[in-house]
Every structure is written in structure tokens, then in C-alpha cells.
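Residue numbers (full-length UniProt numbering): 1 to 359. Backbone N, C-alpha and C fix where the C-beta goes; we use that ideal spot for every residue, glycine too.
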């Protein structure tokens, strides 16, 4: 799972946990109320309003991320059809740490012996107006609604400036070009940018050919060395739980082990384990997902007590078995032991990691 897919997955899990769903009464015993599922008094109007707003905000971000991924895939197809000169390297979704506190994200970087080309990919529908002086890009929807974004040209300029500093820090001088690429061929542009070219993705190959030069500045060997130098400096940002990133209250998220199909809370049955009576499917993966949800939404660490509270289980021994069976690092001694995962990506069962390592 690449970084974009992982971010989309995390947002999707936030939407599931923020949704206010009445439990389906399908158990012979007491079913937890919505208040119990949330762990808060949901008659608090202010809280309900804030949670609803958080859900709307996350859904809007998720929509944009998914649209962006579709655009990246369309441009990826175009790049796969292009012919590049010998020694060319193509980097996708690059994240460059220029110095502490200064990082640039580049959708596509094409590095050749003669130049570098930075592409800012946008998948957006409607009619666009670029206002570089005010630093805004305005999109008019079909219904007439106007949306304002940070100017795509300014974003691209920042990326090129960062890349220039990155190369200069390694005593490398190379022309750097940039272009905004529209993945949606139906997007209408009424006012075009001046500083950088604006291309539809089908124009990308032609534009690249116009930049090609028969006089390389760097040898193929140097470009290869540069690509190896470039690779290690592309650092993954430390993952932050959504509560910290979006300033959300942990109490907004639904608790419990939720079925991965119907999103209703499921229980553990003696002799059968976790099981969804509604969908009639085992819930082992739902347990793994519940622990992962707390790690990516609330805190990167989890204790036995926090596991019991979030998964809504009663016994510390049960929580211990769950945490020890997952691929988690731990520190501290009981009862203060904390478990955590390092880096982005899905949480795995420890047995799966051992199998993949041995193969």
C-alpha cells in the first residue's frame, strides 16, 4: 500500500468511526446504546454539531484525496507511454526534506542528464481561473458555485525552489522546469497562468520532447549517482494520529470492534471468537482493524487499559492476547507497558510478518 492509498484508508476509517449509527438489535442480550458506543453523552448539542462538522470535513478531504489518486493514475498511464532518453529517472510522490521544518512534496519529478521537470498534477472538474497576483486558483462548478484554492503555480514554484536548494546542497547545477498538469481532459481553463505552462495530460509527451536536448549537462553515470543520492533523502513523514493532525476530540470516535462489512459493533462468543451475527462472518480482522483505528486516529501508542476501553472488552488478559498477537513494538513493564507501531502502513498480525520474513 503506497502512501496515498494509506492516507485514503486512514480517512475512510475516520469516516466509519465518526458516523453516528444506531446499533442493529440482533442479539439475545442487551445491545449497547449509541451513548455507550461513543462513550459520551450524545445529547450534548454542541458536541453533536462538532462531530457532524468533523465528519463533513473528513469526507471532503477524502473526496479530494480519491480524486487526486485517480488523476495520478491517469498521468501514470501517460508517463508509461512516453519514451525517455537514456539515463532518465522518474520519481513519483517524492517528499524531500530540505532542512528541518522545510519539506516539499512533488507529484512527479523527471530527472534527465539535461534537465529536471517537476509536475504538479491536478484532477479537478469545472472552469479554472488562475490569479497569480493574489495567489489563488478559482474553480467554478457547473452549478455556479465558486471554490478558491491556493494557487497551483505558487505550489509549483515552491517545489522547484526546494529542489534547487536540494541539488545545490550537493554541488549540482541543473536546469529545472515545471508544469501544472490537468488529469481531467474536460477541465475548462478561462484564465491561464503566466509563470509556468498549463498542460492537459495528453500534451505532456509533446511538452517533454520540446525540452529535450542533445547536449547533456550530466553524464548518465552522474545521473545514476544523483538518483541514489536523491533516493535516501526522500524521507517519510512521521505519521500523526488524526486527532492531533485535525485537532479533534478522541471522544468523537465510535468505540468497539466494528464489522468490516456492516460497521456494526460485534462481540466475542465463547468457543467461536469474534463474530458478526448480522453478516454471519468471523470478526478476527475486525479486531486487528479496531486496534489499528485507535493507533491512526487517536494515539500512536496503546496500553492494555486503552485497548480494553476502545475495543470495549472486559478482561485485561484478553487485551494482552490481542496486543501480543499483533506486530507491535513494546516498551515499559506491566502494568505500564505501551505498544506502538513504526511507520505508515497497515497493522499486521505477528504471525503474518514471521511468515513473510521466512519466505
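Residues of its chain near residue i, where Cβ-Cβ distance is below 8 Å and the 5 sequence neighbours each way are ignored
i          : result
residue 4  : 65, 68, 69, 72 and 93
residue 54 : 18, 246, 248 and 252
Sheet register partners of residue i (DSSP bridge)
i           : result
residue 93  : Answer by DSSP bridge pairing: none, since residue 93 is not bridged.
residue 191 : 129
residue 117 : 110 and 177
residue 276 : 281
residue 338 : 303 and 331
residue 309 : Answer is none; residue 309 lacks a bridge partner.
residue 99  : 102
residue 258 : 265
residue 182 : 122 and 200
Supposed close pair residue i, residue j - CB separation, criterion 8 Å
i           : j           : result
residue 200 : residue 180 : That pair is no contact at about 10 Å.
residue 13  : residue 296 : 7 Å
residue 332 : residue 338 : 5 Å
residue 220 : residue 260 : The pair is not a contact, with the Cβ atoms about 49 Å apart (cut-off 8 Å).
residue 130 : residue 192 : 6 Å
residue 283 : residue 6   : With 8 Å as the limit, residue 283 and residue 6 do not qualify as a contact, their Cβ atoms being about 23 Å apart.
residue 10  : residue 300 : Incorrect: roughly 12 Å between the Cβ atoms, too far for contact.
Cutoff 6 Å; reference residue i; Cβ partners in own chain excluding five residues on either side
i           : result
residue 149 : 137
residue 233 : For residue 233, the predicted structure reports a pLDDT of 42, less than 50, and the residue's modelled location is therefore unreliable. A value from the coordinates is still provided. Taken in chain order, the list of residues that qualify is empty.
residue 105 : 95
residue 82  : 205
residue 216 : 113 and 114
residue 29  : Model confidence at residue 29 stands at a pLDDT of 41, short of 50, so the residue's coordinates are unreliable; what they give is reported in the following sentence. If we look at residue 29 and ignore the five residues flanking it on each side, it has no Cβ neighbours.
residue 103 : 97
Close-in-space but distant-in-sequence residues of the same chain around residue i (CB under 7 Å, 5 per side omitted)
i           : result
residue 172 : 226
residue 194 : 132
residue 39  : With a pLDDT of 47 at residue 39, under the threshold of 50, the modelled position of that residue is not reliable, and no figure is offered here.
residue 307 : 291, 319, 322 and 323
residue 119 : 107, 108, 179 and 181
Residue i - containing alpha helix (DSSP H), residue span
i           : result
residue 57  : 45-81
residue 8   : 3-18
residue 242 : 242-246
Range covered by the beta strand (DSSP E) that runs through residue i
i           : result
residue 208 : First-last for residue 208: 204-211, but that is the alpha helix (DSSP H), not the beta strand (DSSP E).
residue 139 : 136-140
residue 267 : 267-269
residue 146 : 146-150
residue 323 : Here residue 323 belongs to no beta strand (DSSP E); instead the alpha helix (DSSP H) covers 316-324.
residue 380 : Examination of residue 380 is not possible in this model, given that the chain is present from 1 through 359 alone.
Specify whether the stretch 133-140 and the stretch 73-86 touch according to this definition: at least 3 beta carbon pairs, one from each stretch, less than 8 Å apart.
no
Could you tell me whether the stretch 80-91 touches the stretch 109-119, where touching means 3 or more Cβ pairs closer than 8 Å?
yes
Is the stretch 202-220 in contact with the stretch 94-106, if contact means three or more CB pairs nearer than 8 Å?
no
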